[in-house]
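All remarks here apply to the structure that follows.
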Amino acid sequence: MIKKFLNLKHYCPVDLHDPVSGKEITLDTLSEVIPPSLAKLELSRDKYIEIPEELWPVYESYRPTSIFRAKKFEHAIGTDCEIYIKDEGESPTKNHKANSAFLIAYLCKKDGIDTITTETTGNWGIALAMAGNKFGVKTICFMDYESHRKRPDRKSLMEKFGAEVIIVNPKKDEKVKDLLSLSADAAIEYTKKLKNARYIFGSVYGYFIIPQSIIGLEIKEQLSAMGQYPDIIIGSCGGGANLLGTSAIFLADILDDKRKTKIVSAEAATCPILSEGRIGMFSIDNLKYYPLMKTYGIDGLKKGNYIGGLGSTIVASPVAYFHGRGLIEVDQFSSNEAKNAAELFFKSEERFVALETGYAIASVIKQARINNKKIIVVNISSGDTDKQFYGELS
Ligand SMILES: Cc1ncc(COP(=O)(O)O)c(C=O)c1O
1 MIKKFLNLKH
11 YCPVDLHDPV
21 SGKEITLDTL
31 SEVIPPSLAK
41 LELSRDKYIE
51 IPEELWPVYE
61 SYRPTSIFRA
71 KKFEHAIGTD
81 CEIYIKDEGE
91 SPTKNHKANS
101 AFLIAYLCKK
111 DGIDTITTET
121 TGNWGIALAM
131 AGNKFGVKTI
141 CFMDYESHRK
151 RPDRKSLMEK
161 FGAEVIIVNP
171 KKDEKVKDLL
181 SLSADAAIEY
191 TKKLKNARYI
201 FGSVYGYFII
211 PQSIIGLEIK
221 EQLSAMGQYP
231 DIIIGSCGGG
241 ANLLGTSAIF
251 LADILDDKRK
261 TKIVSAEAAT
271 CPILSEGRIG
281 MFSIDNLKYY
291 PLMKTYGIDG
301 LKKGNYIGGL
311 GSTIVASPVA
321 YFHGRGLIEV
331 DQFSSNEAKN
341 AAELFFKSEE
351 RFVALETGYA
361 IASVIKQARI
371 NNKKIIVVNI
381 SSGDTDKQFY
391 GELS
C-alpha cells in the first residue's frame, strides 16, 4: 500500500495568486476560501506528502487497483507494442475521482466544515457525495443542464449517497462560456450564503491532483514487479487529474533520473487546452473568488458534441509547465474518434469505458501504430453507467 502521495509542484514555479490584489497568495488568504488543511496542501512544495493514517483503510479497501495487459486490444490494433491498462474503474465510484474525494472530504471534516459544494458533469459529484457520506459532511453538487440531459442517472447516484443536487440552467440571456464554470459560479454564489460551507473545485488545484499520484506510484511498482518500465504514459486531460495522476511519478523520474518516458495528453478537439491554450492567470470561476492560477487557459469551447469532464477551460499548472518544457505531448481527437476507439476497446476487451476515457484510448491506438515494441500504459475509468455513450452497444 502506497503511504505517500507525490507532489509535482515540488518541481514547479509559484502558480497561485490572490484574485483581487494579483499578488502571490498567502496561506492565510487561501485558508479563507478553502479549508486550512487543503490550503496547506495546495501551497506545499514538498515532494512527498504523507497519506493520513486514518485514510489507509479507506484506500486499502479498493487499492491497489489492477493493471492488466490488453492483448486482445493489441491484436485488434495490430501492434507489437504492449498495452497495459490500469483499472481505476475498480474504485467504488468507477473512476479515479474517488482518490481525491476521500482526502478532500476527510480534511474538510477535520477542519470542521459542515457542507462542501462543488460543480460536476456527473462523475466527480458521485465520488464526492460518497466520500462526504462516509465522513459525515453534507455535499451539494451543482450539475449543468447539458450533463444532466446526457447523464440522467448521475443525479440519482449522487442523491443515493445523500447529496443534494442542483441542476444549473443559464440565466436569461446568459452566454454559456463553458459548462464547468457555469456550475462553478452557481455553486460559489450559493456557498457564500451558507454557514460553514466551502466550495471545492473538482480538478486543477493541488489538493485534487496530489492524491491522484497514487495511480502512477502503483503502476511503477506493479510494472517493476513484472520487470517493466513504461515507455509511453497516456491520460485524457480535462483539468489534468487523470493525466497527472497517471504520469506524476514518471515525470519526476524524467527530471530526477533522466528517464525518457513519453507523456501524452489526450484532449478533445473542441477543448484544445494544451494545443491552443495561452499562458496567463486564470480561475475556474468568473467571480474573482478562487485563486488565480498561472497556467494555460482558453476563452471557451468550440462547437461540437458533448465532452463531459474534458471541457475545462483551465488546466492544472503542472500540465502547462511541463508541456511548456516539452515533457508533455498532445494528441487531439474528435468525439467520433474517441467513440470509435472506445467501441474497439469494448469489442476486444469487453469493457465499457467512460466517455472521457475514449479520448485516451484513441491516443493509445495512435501511439501503438506509430511506435514499435514500446510499453504503453493508460488508466481507464469504466463501468456499466458509461455504456449509454455507445449507441448500438448499449
Ligand atoms: C472518467 C473521467 N476521465 C477524465 C476526466 C477529466 O478530468 P481530469 O482531467 O480532471 O481528470 C473526467 C472528468 O469528469 C472523468 O470523469
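Take 1 as the starting number for the sequence shown in full-length UniProt numbering and just add one per residue.
Think of the CB as a built atom: it goes at the ideal place given N, C-alpha and C, for glycine as much as any other residue.
Check: Which parts of the segment 244-276 are runs of the beta strand (DSSP E), unbroken and 3 residues or longer, counting only runs that do not cross its ends?; Outcome: 262-268
Check: I'd like to know if the segment 296-303 and the segment 3-23 are in contact, where contact means that at least 3 CB-CB pairs between them fall below 8 angstroms.; Outcome: no
Check: Once the 5 residues before and after Lys110 are set aside, which same chain residues still bring their CB inside 7 angstroms of it?; Outcome: Ser37
Check: Any heavy atom of ligand 1 within a distance shorter than 6 angstroms of the CB on Ala248?; Outcome: no
Check: For a test of your reading of the model: does the CB of Gly238 fall under 6 angstroms from any non-hydrogen atom of ligand 1? Yes or no.; Outcome: yes
Check: Once the 5 residues before and after Ile209 are set aside, which same chain residues still bring their CB inside 6 angstroms of it?; Outcome: Ala241, Leu244, Ala316
Check: I'd like to confirm something about Ala105: is its beta-carbon nearer than 6 angstroms to some heavy atom of ligand 1, or not?; Outcome: no
Check: If you count every other CB in all the chains shown that lies within 10 Å of the CB of Tyr205, and 16 or more means buried, which is it?; Outcome: buried
Check: In whole angstroms, give me the CA-to-CA distance for Pro13 and Ile51.; Outcome: 24 angstroms
Check: Taking 6 angstroms as the cut-off, is the beta-carbon of Ala241 closer than that to any non-hydrogen atom of ligand 3?; Outcome: As presented, the structure is devoid of ligand 3, carrying ligand 1 as its sole ligands.
Check: Taking 6 angstroms as the cut-off, is the C-beta of Gly89 nearer than that to any heavy atom in ligand 1?; Outcome: no
Check: Alpha carbon to alpha carbon, what distance is there between Leu179 and Ala225?; Outcome: 42 angstroms
Check: Give every residue of the same chain whose Cβ lies closer than 6 angstroms to the Cβ of Leu301, excluding the five residues on either side of it in the sequence, and list them in chain order.; Outcome: Asp178, Thr270, Cys271, Gly311
Check: Within this structure, are the beta carbons of Thr117 and Ala184 separated by less than 7 angstroms?; Outcome: no
Check: So, at 7 angstroms on beta carbons, what are the nonlocal neighbours of Thr29 in its own chain, with the 5 sequence-adjacent residues on each side left out?; Outcome: Asp18
Check: Distance, Cα to Cα, Ser394 vs Leu344?; Outcome: With a pLDDT of only 35 at Ser394, under the threshold of 50, the placement of this residue in the model should not be trusted, and no figure is reported.
Check: In the DSSP assignment, find the beta strand (DSSP E) that holds Thr115 and state where it starts and stops.; Outcome: 115-120
Check: Going by C-alpha to C-alpha distance, which of Glu350, Lys258, Gly239 sits closest to Ser181?; Outcome: Gly239
Check: Is the beta carbon of Leu8 less than 7 angstroms from the beta carbon of Pro211?; Outcome: no
Check: Please classify Leu27: is it buried, with 16 or more other beta-carbons within 10 angstroms of its beta-carbon, or exposed?; Outcome: exposed
Check: Span of the beta strand (DSSP E) holding Leu128?; Outcome: Run containing Leu128: none in the beta strand (DSSP E); it sits in the alpha helix (DSSP H), 123-135.
Check: Assuming Val353 and Ser382 make a contact with CB atoms under 8 angstroms, what is their CB distance in whole Å?; Outcome: 5 angstroms
Check: Are the segment 127-143 and the segment 163-171 in contact at 8 angstroms, needing three or more beta carbon pairs?; Outcome: yes
Check: Given a threshold of 16 other Cβ atoms within 10 Å of its Cβ, counted over all protein chains shown, does Phe135 qualify as buried or as exposed?; Outcome: buried
Check: Should Gly136 be listed as close to ligand 1, given that the test is whether its C-beta is under 6 angstroms from any heavy atom?; Outcome: no
Check: What span of residues does the beta strand (DSSP E) with Tyr199 cover, start to end?; Outcome: 197-199
Check: Measure the beta-carbon distance from Ala105 to Val137 and round it to whole angstroms, keeping in mind my assumption that it falls under 8 angstroms.; Outcome: 5 angstroms
Check: Who are the near neighbours of Cys108 in its chain, counting only those whose CB is closer than 7 angstroms to its CB and skipping five residues on each side?; Outcome: Pro35, Ile116, Val137, Arg198
Check: Quick check: does the Cβ of Ser203 come within less than 6 angstroms of any heavy atom belonging to ligand 1?; Outcome: yes
Check: Determine which residues share a DSSP beta bridge with Glu174 and list them.; Outcome: Paired residue(s): none; Glu174 is not in a bridge.
Check: Whose C-alpha, out of Ser348, Ile219, Ser335, is nearest the C-alpha of Thr65?; Outcome: Ile219
Check: For Val58 versus Phe102, is the C-beta distance shorter than 7 angstroms?; Outcome: yes
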